[in-house]
Amino acid sequence: MEIIMTIVAGVLIATATYLMLSRSILRIIIGTALLSHGAHLLLLTMGGLKRGAAPLLGQEADAYTDPLPQALILTAIVIAFGVTSFILVLAYRAYQELKTDDMDQLRGNENHE
853 MEIIMTIVAG VLIATATYLM LSRSILRIII GTALLSHGAH LLLLTMGGLK
903 RGAAPLLGQE ADAYTDPLPQ ALILTAIVIA FGVTSFILVL AYRAYQELKT
953 DDMDQLRGNE NHE
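In our numbering, the protein residues as written are 853 to 965.
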């Protein structure tokens, strides 16, 4: 199962890299969100996808599931959501002011193909 999740994380990261290299600011934002999702999935996979009991004191079990990677990823998801929403608002405001979402025009380079 870990191999499948690692491949899925690799596909997400590769897709994010492709989107982040484009000139449209919306594609860059979607690529950034995909990159964070790929990193979260990779961290969860590295923490181990073991089946086990909940880590409760006073209960006897052969294997326990480590809650630390899940807690860290949940925190990272909330932070990534906040950053993504801020970047979306910033891009919308830039589009309202400049009437374009092309990165070359936002930089001030008028000679683009």
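Beta carbons: idealized from backbone N, C-alpha and C, even for Gly.
Asked, Found
"Where Gly862 falls, given that 16 or more other Cβ within 10 Å makes a residue buried", "exposed"
"Residue from Ile877, Met857 and His892 whose Cα sits closest to the Cα of Ala923", "His892"
"Length of the line joining the Cα atoms of Gly960 and Ala943", "16 Å"
"Residue span of the alpha helix (DSSP H) that contains Glu854, given as start and end", "Glu854 to Met872"
"Whole-Å CB distance - Thr867 paired with Thr936, under 8 Å assumed", "Not a contact, Cβ separation roughly 16 Å."
"Contact under 8 Å by Cβ, Leu901 with Met955", "no"
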